[in-house]
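**Student:** Quick note on numbering: the sequence shown equals residues 75 to 497 in my numbering.
Let me give you the structure first, and then I'll get to my questions.
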Amino acid sequence: MGISINPQVLSVKESATLAINQRAKQMRREGKEIYHFGFGQSPFPVPQLIQGALRDNVDKKDYLPTQGLPALCEAIARFYHQEFGYHFEADQVCVGPGSKELIFEIIYLLEGPLLIPAPSWVSYGPQATIRGKEIIPIMTQRENGYRLQPEELDRACHQAAERQRVLIFTNPNNPTGSCHSEAEIKELAQICRAYKVIVISDEIYSLIRFNGKPYASLVHHYPEGTIVTGGLSKAFSAGGYRLGMMLIPKTLNLALLALKSLISETFSAVSAPIQYAALAAYGNYDQVSEEVQRCAMIHKVASEYLWERFIKMGLNCPKPEGAFYLFPDFANYHDKLRAQGVLTGLSIAETLLQKAQVAVLPASDFYFPATNLGVRVASVDYDGAMVQEKFPGENQMSLEWMEQLFPNLVKGCNRIEEFLKSL
Ligand SMILES: Cc1ncc(COP(=O)(O)O)c(C=O)c1O
75 MGISINPQVL SVKESATLAI NQRAKQMRRE GKEIYHFGFG QSPFPVPQLI
125 QGALRDNVDK KDYLPTQGLP ALCEAIARFY HQEFGYHFEA DQVCVGPGSK
175 ELIFEIIYLL EGPLLIPAPS WVSYGPQATI RGKEIIPIMT QRENGYRLQP
225 EELDRACHQA AERQRVLIFT NPNNPTGSCH SEAEIKELAQ ICRAYKVIVI
275 SDEIYSLIRF NGKPYASLVH HYPEGTIVTG GLSKAFSAGG YRLGMMLIPK
325 TLNLALLALK SLISETFSAV SAPIQYAALA AYGNYDQVSE EVQRCAMIHK
375 VASEYLWERF IKMGLNCPKP EGAFYLFPDF ANYHDKLRAQ GVLTGLSIAE
425 TLLQKAQVAV LPASDFYFPA TNLGVRVASV DYDGAMVQEK FPGENQMSLE
475 WMEQLFPNLV KGCNRIEEFL KSL
């Protein structure tokens with residue numbers, strides 16, 4: 075039967091990360107050994123405290139308020155105050171089925187173009203496209219660790235002319251693992267204030283940092299225009315629980331009212347047992363914080379191992395400081411790759427999958443030009459429960475430990491190295 079589909083939706087392909095995950099799994103099912111550096115999901119078990127709370131609340135069946143379980147909204151506001159020094163009250167918190175959905179809804183309801191620093195997470199652009207929104211990518215530079223610089227933001231705001239500007243800002247960043255410094259954030263805040271930019275500060279990785287520095291957020295320097303998003307998925311290893319949140323400043327109250335209306339006409343409220351499970355995490359953070367920090371330390375060891383190997387191979391790659399990603403590029407192999415007919419990020423990703431059995435995503439999925447020879451690597455292809463149990467601590471790590479705890483990371487790097495030597 076011939077049917078007509080909304081062209082804006084038709085123009086969106088399946089999310090690149092989900093697609094590569096399916097493909098790598100399929101190749102594994104076919105018996106191929108695949109080093110899966112393509113999909114970024116926390117490998118650790120959900121903390122027992124959260125699992126227990128979920129079990130204890132399976133009987134919770136009533137629809138909860140649109141904004142979220144009041145006790146959870148309070149716990150979230152308190153958590154962000156204690157951990158990050160933010161000043162949001164419970165009635166400024168909205169809970170949703172993953173921060174992805176809430177980001178979609180806020181993009182949907184805000185007028186004006188979406189400014190997306192490149193590289194950035196794959197889903198912001200398609201979400202804006204579905205809404206028919208103009209996207210203004212802001213190219214960042216490798217020598218700045220791909221961190222957005224004030225002059226780059228200034229130029230983009232200028233280009234967006236006199237309209238309301240919305241900036242999506244991810245810190246720590248996916249795909250680069252970079253974290254912004256306090257000084258950079260301060261300068262960015264000045265630009266945001268000058269142009270009255272509405273910032274969606276995607277802080278889903280804010281508990282996974284390993285640069286030893288305090289967290290720098292636009293909320294500290296531009297509170298009146300900064301909306302924060304976060305959730306259970308990354309630091310609490312519970313992506314499949316689908317629980318995210320959004321904190322909206324009082325100055326943007328109209329956006330909060332619009333969001334509440336939108337929620338009430340779409341998903342209504344997040345599943346009740348899951349909200350009670352999240353209440354255990356945010357209400358008793360002191361009981362899980364040690365586990366969260368230990369996982370962050372494991373992410374550090376895994377990410378820094380990959381980084382050192384990539385640098386030794388002659389790839390360009392900013393040192394990761396948070397999250398669980400790296401963004402190396404093969405520019406130094408440009409001529410040798412060209413001789414093999416490999417001219418784009420996509421063809422590098424395909425070649426790595428075919429010749430080295432390593433799955434990665436091309437930089438072009440992150441708003442970079444097709445000819446950029448970069449790829450995104452996720453550093454989580456290991457058995458998180460086993461590593462959590464055996465991890466001897468950062469200072470005890472050796473090659474033997476790496477091989478025991480992170481065999482796929484070691485073998486995947488060996489395969490990439492062999493491939494590069496064969497060129
Ligand atoms: C940068 C970034 N933001 C948001 C999300 C969405 O997380 P969730 O919807 O699970 O809260 C992800 C997930 O991969 C992400 O990497």
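We put the beta carbon where it would ideally sit given N, CA and C, even for glycine.
1. Quick one: what does DSSP say C266 is sitting in, helix, strand or coil?
2. Quick one: what's L435 bridged to in DSSP?
3. Using 8 Å as the cut-off, classify the Cβ of N95 as near or not near the heavy atoms of ligand 1, replying yes or no.
4. List in chain order the residues whose CB is within less than 6 Å of at least one heavy atom of ligand 1.
5. On the CB-based measure, 16 or more other CB atoms within 10 Å of its CB, does R412 come out buried or exposed?
6. Rank C266, G186, Q238 by C-alpha distance to the C-alpha of L222 and give the top, closest one.
7. Are the Cβ atoms of G357 and A145 separated by less than 9 Å?
8. Among G448, L426, I190, which residue has its Cα nearest to the Cα of N488?
9. Report the CB separation of S377 from L400 in whole angstroms; it is logged as a contact under 8 Å.
10. Throw me the rounded Cβ distance for the V169 and G142 pair, which I believe falls under 8 Å.
11. Using DSSP with H/G/I as helix, E/B as strand and the rest coil, what is F243?
12. Per the contact definition of three or more C-beta pairs closer than 8 Å, is the region 414-431 in contact with the region 275-295?
13. For F111 and K87, what's the separation of their Cα atoms in angstroms?
14. With distances taken from CA atoms, which of P402, V366, A370, M387 is nearest K396?
15. For the alpha helix (DSSP H) containing I490, list its first residue and its last residue.
16. Does DSSP put Y159 in a helix, a strand or coil?
17. The beta strand (DSSP E) spanning S275 covers which residue range?
18. Near C231, which residues of its chain fall below 6 Å by C-beta distance, leaving aside the five closest residues on each side in sequence?
19. Between the region 304-323 and the region 171-179, are three or more C-beta pairs nearer than 8 Å?
20. Please report how far the alpha carbon of L435 lies from the alpha carbon of E298, in whole angstroms.
21. Relative to the C-alpha of H294, which residue among A309, K260, G314, H373 is closest?
22. State the start and end residues of the unbroken beta strand (DSSP E) segment that holds G415.
23. Taking the alpha carbon of Q201 as the reference point, which residue from P193, L188, A192 has its own alpha carbon closest?
24. For A98 versus A433, is the C-beta spacing smaller than 9 Å?
25. What's the call for Q166, buried or exposed, on a 16-neighbour Cβ count within 10 Å?
26. Kindly provide the ranges of any beta strand (DSSP E) runs that are 3 or more residues long and lie completely inside the region 90-138, ordered along the chain.
27. Take R205 as the anchor and find which of E185, Y220, E463 has the nearest alpha-carbon.
28. Suppose the cutoff is 6 Å on Cβ atoms and the five residues either side in sequence are ignored; what does the same chain contact list for Y160 look like?
29. Once DSSP output is grouped into helix, strand and coil, what is the label at V302?
30. Go ahead and label R283 buried or exposed: buried means 16 or more other beta carbons lie within 10 angstroms of its beta carbon, across all protein chains shown.
31. Report the rounded CA-to-CA distance for Y137 versus A257, giving the unit in angstroms.
32. Is the Cβ-Cβ distance between E474 and K374 less than 9 Å?
33. Going by Cα to Cα distance, which pick from K134, D360, A290, Q82 is closest to E208?
34. If you draw a straight line from the alpha carbon of N80 to that of S197, how long is it in whole angstroms?
35. Based on Cα-Cα distance, which residue from P347, F178, V120 lies nearest to R129?
**Tutor:** In short, the structure shows the following:
1. helix
2. R450
3. no
4. G114, G172, S173, K174, W195, T244, N248, D276, I278, G305, S307, G313, G318
5. exposed
6. C266
7. yes
8. L426
9. 6 Å
10. 3 Å
11. strand
12. no
13. 21 Å
14. Here the sequence assigns Gly to residue 396, which means Lys is not the residue at that position. Comparing Cα-Cα distances from G396 to each of P402, V366, A370, M387, the minimum goes to A370.
15. 481-495
16. Checking the sequence shown, residue 159 turns out to be Gly, not Tyr. In the structure shown, G159 sits in coil (DSSP, three-state: anything other than H, G, I, E or B).
17. 272-276
18. R239, Y269
19. yes
20. 36 Å
21. K260
22. Where G415 is concerned, there is no enclosing beta strand (DSSP E), given that its DSSP letter is neither H nor E.
23. L188
24. yes
25. buried
26. none
27. E185
28. Y154, V293
29. strand
30. buried
31. 44 Å
32. no
33. Q82
34. 18 Å
35. P347
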